[in-house]
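So the structure is just underneath, and the comments pick up after that.
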Amino acid sequence: AVGTPTHVSEPAFEFLLHAMIEQVEIQCLREYNKKMKMMKDRSSNDSDNNKDAQPGEKKGEGKGEDQNQEDDTKEKEEEVDEKDKQFEQELLKEEEHKQQILMNENIAAKMERMGFDVGFRLVERLAQSKSLVPPTAHTQTPSQTLLQLEAVKFICKEFWTEVFRKQIDKLQTNHRGVFVLKDGSFKWLERMPSNIEVARAMAIKILALPCGLIRGALSNLGIAAVVSCDFMDDGEKMNSCSFNVKIK
Amino acid sequence: MALVTLAVVGKENVPLYLRDFVSRQDPLLYSEGGEGEEEENSDGEEELGDPFGFFESKKSKANDSSSLKNQFIIHSALDRFDELTRPECMKDRPTIGPNSMYIGVLGCFDELKVYGYNTSTKTKFMAAVEDSIHDENQHFVREAGLKALFANMHELYVEYNLNPFSSVREREKISSRRFDNGVRELVNSFNETYGQKGMSWM
């Protein structure tokens, strides 16, 4: 009937997506803080022990200390302590940086897993009345490659239309299990500003979900694959992206 | 003429749903282990009919209630199923709609004919229907009813999958009261149309 809503509006979708990312970020930030706290506690325990200058009770954390330094005069000890502190700070900063990268990857991984679940279930519905038989099946037996191609084509057309109301713009394949799906105006990145680092990081997290969608859909069609994503035009338009599907 | 067993088998041939529907007129077929009685009580009730305490009260008991003999029959039919769904055989089949997924007779075991249905996501549905020795052509009459049954079962299965709390992991069985009830309705209506009483007008 006219007037009954048939689609969720774009802004509502984007709002939901960002709310999801926010929740996942909170969760991962909590884990990150816990980890960092543990590390800082451990290192501050060690520095306290070092100040005691007891030769026998070292908890070896690889801080590059020389045990002999404890026998030197107090002045030297203080110098050494300063250096140690600096060294520790640097190590901590390195760790922090590493953990932050891990945290971002963690966030993307969780988004991808959610996408996998959704894609898996959605394809059950979408393939309900559609039989994925290649058109040449009447004349000759379809090969594995042909069957895979049919499945990917299904994703490019019906699946993508259902989720994003448009089809994949370009599909490339090397006929040996690698497919590249290019979308020139990816819906969820329409409003992202280009050339800002934070926006880039966020875009990667956003793109993790459709990567999972594709992987889940393929998995339910019987094809195990790995999906990664890329930005096509660097800097100019943020919403051109490509999904690389590599069949295991 | 009555539908005796239904099975849903996932990819890699993992059993997801095995259920018997005893025809009340043939208790002789199910004399092993009092499965028949358990069957009639097991629709959602959680106290009776569980002498060995095998079933947990949380799972819906209708699933997994099929007798060993029926499970064996379904399992044997799987081989034929695999044969009929190889890529070489794709050309013989129509390409759209439920007709493309309906496989047809997989085999005859004792007095049961097993029919199969294969979805695009490689989930298999199988139904074993009892055949009477008197009329061997019932099969053709039944086919339309079976196609409808499978199509509706497919719909129920899709809806079960759309529930985000259902399992996506391959090895888990279907445990949903909605699915169980829906399937029971379908089977009842099938048995009414094609069961013994329904056949009398032939």
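Protein chains in written order, with this note's numbering: chain A, 5 to 252; chain B, 4 to 205.
Quick reminder that beta carbons are idealized off the backbone N, C-alpha and C, glycines included.
{"Query": "Give the interface partners of Pro18 (chain B) over in chain A, defined as CB-CB distance under 7 Å, in chain order.", "Result": "By Cβ distance, chain A contributes nothing, its closest Cβ being about 18 Å from Pro18 (chain B), past 7 Å."}
{"Query": "Can you find a heavy atom of the ligand ADP that lies under 6 Å from the Cβ of Glu86 (chain B)?", "Result": "No copy of the ligand ADP occurs in the structure displayed, which carries no ligand at all."}
{"Query": "Counting pairs of beta carbons, one from the segment 9-16 of chain B and one from the segment 161-178 of chain A, are three or more of them closer than 8 Å?", "Result": "no"}
{"Query": "On the premise that Met118 (chain A) lies in contact with Leu213 (chain A), defined as a C-beta separation below 8 Å, what is that separation, rounded to the nearest angstrom?", "Result": "7 Å"}
{"Query": "Can the beta-carbon of Ile218 (chain A) be found closer than 7 Å to that of Val231 (chain A)?", "Result": "yes"}
{"Query": "Could you check whether the segment 92-100 of chain A touches the segment 193-207 of chain A, counting it as contact only if at least three pairs of C-beta atoms, one from each stretch, sit closer than 8 Å?", "Result": "no"}
{"Query": "If you run the structure through DSSP and keep just helix, strand and coil, what is Ser103 (chain B)?", "Result": "helix"}
{"Query": "Report buried or exposed for Ala16 (chain A), applying the criterion of at least 16 other Cβ atoms within 10 angstroms of its Cβ.", "Result": "exposed"}
{"Query": "Is there a Cβ from chain B that is less than 7 Å from the Cβ of Thr177 (chain A)?", "Result": "no"}
{"Query": "Just the chain B side, please: which residues come within less than 8 Å of Gln132 (chain A) by C-beta, in chain order?", "Result": "Thr122, Ser123, His157, Glu158, Val161"}
{"Query": "Who are the Cβ neighbours of Leu152 (chain B) in its own chain at under 6 Å, not counting the five residues just before and after it?", "Result": "Leu189, Phe193"}
{"Query": "Rounded to whole angstroms, what's the CA-CA distance from Asn44 (chain B) to Ile30 (chain A)? Just pull it up for me.", "Result": "Note that Asn44 (chain B) scores 34 on pLDDT, short of 50, meaning its location in the model is unreliable and no value can be drawn from it."}
{"Query": "Between which two residues does the beta strand (DSSP E) carrying Ala10 (chain B) extend?", "Result": "6-12"}
{"Query": "With DSSP as the reference, identify every bridge partner of Arg22 (chain B), one or two as the case may be.", "Result": "B:Leu9"}
{"Query": "What residue range is occupied by the uninterrupted beta strand (DSSP E) comprising Cys245 (chain A)?", "Result": "245-251"}
{"Query": "Bridge partners of Thr177 (chain A), per DSSP?", "Result": "A:Phe183"}
{"Query": "State buried or exposed for His101 (chain A), treating a residue as buried only when at least 16 other CB atoms are found within 10 Å of its CB.", "Result": "exposed"}
{"Query": "Going along the segment 169-200 of chain B in order, which residues come within less than 9 Å of chain A, judged by CB to CB distance?", "Result": "Ser169, Val171"}
{"Query": "Identify whether Asp50 (chain A) lies in helix, strand or coil by the three-state DSSP scheme.", "Result": "helix"}
{"Query": "Where does Ser147 (chain A) land, buried or exposed, given buried means 16+ other C-beta within 10 angstroms?", "Result": "exposed"}
{"Query": "Alpha carbon to alpha carbon, what distance is there between Gly185 (chain B) and Val161 (chain B)?", "Result": "12 Å"}
{"Query": "Using a 10 Å radius around the Cβ and a threshold of 16 neighbouring Cβ atoms, would you call Ala23 (chain A) buried or exposed?", "Result": "exposed"}
{"Query": "Per DSSP, Cys111 (chain B) forms a beta bridge with which residues?", "Result": "B:Lys116"}
{"Query": "Which residues of chain B have a Cβ atom closer than 8 Å to the Cβ of Gly226 (chain A), listed in chain order?", "Result": "Lys14, Thr124, Lys125"}
{"Query": "Please report the straight-line C-alpha distance between Leu136 (chain A) and Arg34 (chain A), rounded to a whole angstrom.", "Result": "44 Å"}
{"Query": "According to DSSP, is Ala261 (chain A) helix, strand or coil?", "Result": "Absent from the model: residue 261 (chain A). The displayed extent of chain A is 5 to 252, so no value can be given."}
{"Query": "Could you tell me the distance, in whole angstroms, from the CA atom of Gln58 (chain A) to the CA atom of Met107 (chain A)?", "Result": "Low per-residue confidence applies at Gln58 (chain A): pLDDT is 43, beneath 50, and the placement is therefore not dependable enough to give any value."}
{"Query": "What would DSSP say about Lys127 (chain B), mapped onto helix, strand or coil?", "Result": "strand"}
{"Query": "Reducing DSSP to helix, strand and coil, say where Asn155 (chain B) ends up.", "Result": "helix"}
{"Query": "How would you call Glu92 (chain A), buried or exposed, if buried means at least 16 neighbouring beta carbons within 10 angstroms?", "Result": "buried"}
{"Query": "Apart from the five residues just before and just after Ser179 (chain B), which ones in its own chain have a Cβ nearer than 8 Å to its Cβ?", "Result": "Ser63, Tyr163, Asn166, Ser169"}
{"Query": "Using the Cα positions of Arg125 (chain A) and Ala155 (chain A), report the straight-line distance between them to the nearest angstrom.", "Result": "15 Å"}
{"Query": "Which residues in chain A sit within 9 Å of Leu165 (chain B), going by Cβ to Cβ distance?", "Result": "Arg125, Leu126, Glu128, Arg129"}
{"Query": "Is it true that the segment 82-89 of chain A meets the segment 177-186 of chain A, where meeting means three or more beta-carbon pairs spaced less than 8 Å apart?", "Result": "no"}
{"Query": "Buried or exposed: where does His11 (chain A) fall if 16 or more other Cβ atoms within 10 Å of its Cβ makes it buried?", "Result": "exposed"}
{"Query": "Thinking C-beta only, is Arg145 (chain B) closer than 7 Å to Leu109 (chain B)?", "Result": "no"}
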